[in-house]
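For the working numbering, count along the sequence shown from 1 and bump the result up by 4. Glycine included, every Cβ here is placed at the ideal spot set by N, Cα and C. Here the structure is a predicted model, which means the values were calculated and not measured. Input: a single structure, listed below in structure tokens.
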Amino acid sequence: MRISARADYAVRAALQLAASPDAAPLKAEAIADAQNIPHKFLEGILNDMRRGGLVLSQRGINGGYRLAKPAESISIADVIRVVDGPLVSVRGVRPPELSYTGPAQSLLPLWIALRSNVREILDGVSLADVASAQLPPSVAALADAPGAWTNP
Numbered sequence: 005m006r007i008s009a010r011a012d013y014a015v016r017a018a019l020q021l022a023a024s025p026d027a028a029p030l031k032a033e034a035i036a037d038a039q040n041i042p043h044k045f046l047e048g049i050l051n052d053m054r055r056g057g058l059v060l061s062q063r064g065i066n067g068g069y070r071l072a073k074p075a076e077s078i079s080i081a082d083v084i085r086v087v088d089g090p091l092v093s094v095r096g097v098r099p100p101e102l103s104y105t106g107p108a109q110s111l112l113p114l115w116i117a118l119r120s121n122v123r124e125i126l127d128g129v130s131l132a133d134v135a136s137a138q139l140p141p142s143v144a145a146l147a148d149a150p151g152a153w154t155n156p
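Written as structure tokens, this is what we have:
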């Protein structure tokens, strides 16, 4: 699974909004500067997040962006889905829509299992969890597992 730059930027922008004191609106420029995200790219991402119901925008001198819901009720998966679509796809196709034959038949349950695990992790972690550095114990345990931080 690959996390696109678009998804990474979207999650980082959402976390910046989650950490905003009193949920005050933040200008796109401030988010871009704080997270080192190209401003023009971020504008498109924030528009997608607004259309997806994750952020609200407010015009004017005190305008900017803020989360549309409490950070506790927005999962990392919600953000990724809004900007990138399904969490796991194979050649752009969702796993249940695939079919294989012969020795490749077992690939389909493998892709389904992968999707299930990705969903379990990303749907189970909220913006509030990450912003407060309080990952769920099951996720923290995976990150602490031997070899988790090394590449084979």
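Go through its chain and collect everything with a Cβ distance to residue i's Cβ below 7 Å, but skip five positions before and after it.
i      : result
ALA27  : ARG70 and LEU71
ASP133 : LEU139 and PRO140
TYR104 : LEU111 and LEU112
Over what stretch of residues does the beta strand (DSSP E) that includes residue i continue unbroken?
i     : result
TYR69 : 68-71
As a quick exercise: from the options, pick the residue whose alpha carbon is nearest that of residue i.
i      : options                           : result
ARG16  : PRO150, SER142, PRO141 and ALA135 : ALA135
GLN39  : PRO25, LEU21 and GLY56            : LEU21
GLY57  : SER79, ALA23, TRP115 and ILE65    : SER79
SER24  : ARG6, SER93, PRO74 and SER8       : PRO74
PHE45  : VAL94, ALA11 and ILE65            : ALA11
ARG63  : ALA108, ILE84, ALA32 and ALA149   : ALA32
GLU124 : LEU111, SER110, SER142 and ALA132 : SER142
GLY68  : ALA36, VAL122, ARG85 and ALA117   : ALA36
Rounded to whole angstroms, what's the CA-CA distance from residue i to residue j? Just pull it up for me.
i      : j      : result
GLY89  : GLY106 : 30 Å
LEU139 : GLU76  : 12 Å
VAL87  : ASP52  : 6 Å
ALA144 : PRO156 : 21 Å
ALA137 : LEU91  : 23 Å
VAL83  : LEU114 : 25 Å
ALA108 : GLY48  : 39 Å
ASP148 : ARG6   : 21 Å
ALA34  : LEU102 : 43 Å
LEU50  : VAL97  : 26 Å
ALA18  : PRO150 : 30 Å
SER8   : HIS43  : 17 Å
ASN121 : ASP127 : 10 Å
Taking the continuous alpha helix (DSSP H) assigned at residue i, which residues delimit it?
i      : result
LEU60  : Looking at the DSSP string, LEU60 is not in any alpha helix (DSSP H); the run it does join, the beta strand (DSSP E), is 59-62.
ASP26  : Note, ASP26: premise wrong, no alpha helix (DSSP H); not H, not E.
PRO141 : 141-148
ARG10  : 9-22
ALA38  : 32-39
Looking only at its own chain, which residues have a Cβ that is under 6 Å from the Cβ of residue i, when we skip the five neighbours before and after it?
i      : result
ILE41  : TYR13
ARG54  : SER61
ARG119 : VAL92 and PRO99
Go through its chain and collect everything with a Cβ distance to residue i's Cβ below 8 Å, but skip five positions before and after it.
i      : result
SER130 : ALA75, GLU76, SER77, ILE78, SER79 and ILE80
LEU146 : ILE125 and ALA152
ILE116 : PRO99 and PRO100
I'd like the ranges of any alpha helix (DSSP H) spanning at least 4 consecutive residues and lying wholly in the region 46-132.
Complete alpha helix (DSSP H) runs here, min 4: 80-88 and 111-127.
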